[in-house]
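Those sequence lines, one after another, are chains A, B and C.
Reminder that position 36 of the first sequence reads as 36 in my numbering, one-by-one numbering, no gaps.
Reminder that position 150 of the second sequence reads as 332 in my numbering, one-by-one numbering, no gaps.
Reminder that position 49 of the third sequence reads as 388 in my numbering, one-by-one numbering, no gaps.
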Amino acid sequence: MKHPARWVAGGIAVLLVAFSVVLATQVGSDPRADAKKSQLAGKDTPKFRVQSLDGKELTQADLAGKATIVNFWNTWCIPCREEHPELTKFYARHADDPNFVMLGIVRDDTRKAVDRWMQANKDAWTVATDPGGNAALAFGTRGQPETFAISPDGLVVGYQFGPSSAQDLETLLAAARGGTGA
Amino acid sequence: MSAGSRRGWIPWILLGVLVVGVLAWALWPSGGQSDAERARSLAHELRCPDCESLSAADSQTASARAIRRDLHERVAEGQSDATIRRAYVDRYGESILLKPEQGGLGFLVWGLPVLLLVAGAGALLVAFRRWRSAEPLQPTDDDEALVREMRTGEQAS
Amino acid sequence: MKASLGVLALALGATSAFLGIAVLGWGIRRGDERLLRLGRRYAFMILGASALAVLAMEWALLTHDFSLRYVAENNARSTPLLFTITGLWAALEGSILLWGLILGGYLAYMAYHFRKRATDPVVAWAMLVAYAVALFFFVLMLGPANPFKTLASAPANGQGPNPLLQNHPLMAFHPPMLYMGYVGMTVPFAFAIAALVTGRLGEGWLTETRRSTLVAWGFLSVGIILGAWWSYEVLGWGGYWAWDPVENASLLPWLTATAFIHSVIVQERRGMLRVWNLSLVVATFCLTILGTFLTRSGVLNSVHSFTESPIGPWLLGFLAVVTVGSVLLIAWRGDKLRSPGRIDSPVSREAAFLVNNLLFAALAVVVLLGTVYPLLAEALQNRQLSVGEPYFDRMTTPVGVALLFFMAVAPALPWRAVSGDVLRKRLIVPAWFGVGVMVLAAILGVHSAWTLLTFGLAAFAIGGIVRQFAIGFRAQHAAGATWWQTPGRTVRGSPRLYGGLIVHAGIVAIAIALAASSAFTTKTEVRLNRGETATVSGYDFTYVRRDVTSTAQKRQVKAQIRIERNGKNLGTYAPSVSMFPAATSAIGTPSVRTGLLRDIYLTLVSTPTDKDRVTIGIAINPMIVWIWIGGALLGIGTIVALLPARRRVVVPPPPADAGAGDGPSGNGDGTDGDGVDHDDRDVPAAVTA
């Protein structure tokens, strides 16, 4: 073959162009796009065990038959603090609904900080700590705040990564309710 | 081979035997991994969810700790490596695994480098063979004339 | 005002680069010597312009001028002075300013160093290419990555730099060192392109740029080691290398540059491997740009990622043009590059260098593929994947061990060919040492085959290095040097060889440290009450008290831990957690007791809210300090290798029992009696073809 160096070089040039094209398609895409969706969508609620602030143990069984919003949060993350007034507004609207439960699970924080927060803010919905981080693991959380919507028959039907507005929460709740027409 | 050079190989053969022996001893299957070791090696394969590229074994975050604890429990329950990996992929997606799959697209990272290395080694061997058998360059008449010219030029100046 | 000054300086730089290209281009076209001589002066203007821009930015930082967006985002009134200065490279736009400054410096060096050959087309083309690179970066800074953007209303206080970037003085050294390495690779690249374009492909361009390549390589090596040190001492996760995409991006050009440093010697001696060496030089530069692209475009996740910016497509475009253009140039000149050289024997130093190159290329392929695999998976199959430690360790360890073997053997291999007898005689003592260490390690409880092999080969390599130094010393001493003068004289007799051996010794130290720390690290956590002592691995740890310090910059909580062993007090160490006002979470800082054999690594597991109780992480990491010692050796070896060789004095052959062989001609040793194979001396600049 005449000028093998030329052929090799030509082939390498083609490969490089292809590589550049591949890189170009990835510019502007979010490498952690999978973090924005939950792998649990459509699956059963994972088994978890958390402790409410008054010492009671709560598991996924306690959510059965109710449309549930589960919110992972803690006291030091800034988006959580941004989200907090929205959560309060949202809960106030639905607090009287017997078929609705809102559960706030603390992720990666100390009990002392949570107690201090509750003293200052007096959140009305159920707040639980997650000793051992098992619930955070069970739900596949990667950070906080993360919010899940669970239908009355125990299917995860909605997910929001990052702070939710009151509107987002309403959408999640509608998904939870509309899950099986219950 | 002269008697001298044959004798020269003896210490090397001895060294080789020692090396092979030690390696064989090290590689001898020693009854599998303990539970703790299995949990730890699995922790190395899982990415800490809060981190960018640290493994759950290396990271100090709360979620990495939770994963390590969870792995200990699962291993103690007797779950297989594949089951545990699948459970994590179910919850976090494929990006939780730090080790690419062996088949399919994973060939790009596992197979291709090996292929290229073997191809390169092959090319080197071919090149060595070609060099060995090639005639050494002989100076041509033109070369001799050129050298003579330069020499006389030097002597003249 | 500072912003305008900065933008003006950047515009000046861009214009100078553009004019430089125009003048040189025209001068080359017309063969006009006056234009060519004029063209090199633009390099100094570029240096001046980038220096002015950097000064403008530093001025803005030091005066906390928050009307500049960059200052508002990376500086605060409470930021300490050192971190205000280093704020120049704390984020993307500023880091490109630094790149521009260093590039200006290298350009000025090129213009000055080659001033007597300014009319040589190779030099002219090289300057032109370098100007083109500079022009690209200036355009970047004037366009998408403008560091001098102003805010409509200046905030009262800035956000301050990322907490991780104001935690440790290393911030002042690690990025500049790395950039000196990265940017330095532009010089050999410029000369490679110049040689291709002019068709002057003889050995001249190699010797022109060998020194710059070595200097850039030295900086890059030290920069990478400093990064590992940062990871270990500052980030606190207990490790020094995470195979993070940005770390890999710095490793890739280092791998190809190391391969080049070795194969360039083969080209100097035998005129072979021209295409390969050109490709290596081009690849090294392209990998620096690829690395810049990967870290600044946001395509990959990394702890180092700069915030996303529109700079990605520009860098990608530049990368594509440079890479494809260079490959096409090589293809065009391909027929001119075949050389008739050959390597006489597979058991020769040339052959060992070829194998070295193959192995380094394999390492580069592995690291590159592993780093970009997530991108490929996303593009081809829309899957999100990760690649981490298990892959890289598994694939690089065998190649690394093979490289250790060749590193041990190659210095004993003479050029051209060797008889089996000579080679066996040279290697037998180091080999026994290596196997001895391996057996000893096995007896002492090392059970991993790779670790045993690494220890054995490292000892083998050290044995060879010591042997080489010993022969040199003995010969100089026999020639009349006192013991005091001997080391200096030996090294100055052949600085390239001994510099290289010192660098190899550094690599061996690092290899031992890597093997030992990955095999023997232990980690535990203990909860201690005040005054309580826990014993871990023979050391006693006592929680003394908690200290809280508050400055404007941060609030730091330290736990004082006293370490004792066998009753002897080893000192009090204070791992800490710092809270910065603008940050969402606390930053932990470890406290490390460095020892020759092992480090004791203390971390605070969580912020101690209770002053009487603390949970600390205790890790015992063996041999870590040898990584830093190895890094220092890399730097020292590079400096030694750059020293000019002393004029060779013919040394009378040593007495027959000196062990260097039977005189200058007898044994193929190639020595003159001073124990050094003098074919290693600097080859004078060859006549260019």
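For glycine and all other residues, C-beta sits at the position ideal for the given N, C-alpha and C.
These numbers were taken from a predicted model, which means no experiment stands behind them.
Item                                                                                                                                                          : Value
Among residues of its own chain, excluding the 5 on either side of W117 (chain A), which ones have a beta-carbon nearer than 6 Å to its beta-carbon?          : T75
What residues are listed by DSSP as bridge partners for Y579 (chain C)?                                                                                       : According to DSSP, Y579 (chain C) bridges with nothing at all.
Grouping DSSP H, G and I as helix and E and B as strand, with all else coil, what is L358 (chain C)?                                                          : helix
Going straight from the alpha carbon of N501 (chain C) to that of W569 (chain C), what length do you get?                                                     : 15 Å
Establish whether the CB of K764 (chain C) and some CB of chain B are separated by less than 9 Å.                                                             : yes
Taking Cβ-Cβ distances below 9 Å as the criterion, which residues of the stretch 214-225 of chain B are in contact with chain C?                              : S223
With a cut-off of 8 Å on the beta carbons, I'd call L639 (chain C) and L591 (chain C) a contact; round off their distance for me.                             : L639 (chain C) to L591 (chain C), Cβ: 13 Å. No contact.
What residues of chain B sit near N134 (chain A), judged by a beta carbon separation below 9 Å?                                                               : A248, R251, D252
Along the chain, where does the alpha helix (DSSP H) containing L509 (chain C) start, and where does it finish?                                               : No alpha helix (DSSP H) contains L509 (chain C), which DSSP labels as neither H nor E.
Can you tell me whether A588 (chain C) is helix, strand or coil according to DSSP?                                                                            : helix
Examine the ligand COA and report whether any of its heavy atoms sits within less than 8 Å of the Cβ of G433 (chain C).                                       : Here there are no bound small molecules, and the ligand COA is not part of this structure.
Tell me, please, whether the CB atom of R6 (chain A) is closer than 9 Å to any CB atom in chain C?                                                            : yes
Do we get a CB-CB distance below 9 Å when we pair L328 (chain B) with the residues of chain C?                                                                : no
My assumption, with CB atoms under 8 Å, is that L474 (chain C) sits in contact with A353 (chain C). Please give the rounded CB distance.                      : 6 Å
Quick one: what's got a C-beta closer than 8 Å to T977 (chain C)'s C-beta in the same chain, skipping five residues either side?                              : L553, V554, W556, G557, S560, G838, V842
Within 8 Å, do at least three Cβ pairs link the stretch 758-769 of chain C to the stretch 790-809 of chain C?                                                 : yes
Given a threshold of 16 other Cβ atoms within 10 Å of its Cβ, counted over all protein chains shown, does G906 (chain C) qualify as buried or as exposed?     : exposed
Three or more beta-carbon pairs under 8 Å between the stretch 425-437 of chain C and the stretch 458-468 of chain C, yes or no?                               : no
Going by C-alpha distance, which of C:Q899, C:A342, C:E607 is nearest L481 (chain C)?                                                                         : C:A342
I need the DSSP call for R373 (chain C), collapsed to helix, strand or coil.                                                                                  : helix
Can you tell me the Cα-Cα spacing of A24 (chain A) and P652 (chain C), whole angstroms?                                                                       : 7 Å
Taking the alpha carbon of G10 (chain A) as the point to measure from, which residue in C:A670, C:A850, C:F453 has its own alpha carbon closest?              : C:A670
Any contact between the stretch 378-387 of chain C and the stretch 408-416 of chain C? By contact I mean 3 or more CB pairs, one from each, below 8 Å.        : no
Applying a beta-carbon distance threshold of less than 7 Å, which residues of chain F neighbour L715 (chain C)?                                               : Chain labels in this structure do not include chain F; the protein chains are A, B and C.
So, at 6 Å on beta carbons, what are the nonlocal neighbours of A995 (chain C) in its own chain, with the 5 sequence-adjacent residues on each side left out? : Reliability of the predicted coordinates at A995 (chain C) is poor, the pLDDT of 47 falling under 50, and no value is obtained from them.
Alpha helix (DSSP H) containing K112 (chain A): first to last residue?                                                                                        : 111-121
Identify which residue in C:V738, C:V757, C:I810 has its Cα closest to the Cα of W789 (chain C).                                                              : C:V738
Of all Cβ atoms in chain B, is any one closer than 9 Å to the Cβ of S725 (chain C)?                                                                           : yes
From the DSSP output, in three-state form, read off W754 (chain C) for me.                                                                                    : coil
So with CB distances below 7 Å, who are the chain B contacts of R142 (chain A)?                                                                               : P231, D232
Do we get a CB-CB distance below 9 Å when we pair T243 (chain B) with the residues of chain A?                                                                : yes
Going by the CB atoms, is the gap between L287 (chain B) and L228 (chain B) shorter than 9 Å?                                                                 : no
Give a yes or no on whether the minimum CB-CB distance between R333 (chain B) and chain A is below 9 Å.                                                       : no
Whole angstroms are fine: how far does the CA of V573 (chain C) sit from the CA of N506 (chain C)?                                                            : 7 Å
Which bits of chain C does F310 (chain B) rub up against, with CB to CB less than 8 Å?                                                                        : I682, P685, A690
Of all Cβ atoms in chain C, is any one closer than 9 Å to the Cβ of S277 (chain B)?                                                                           : yes
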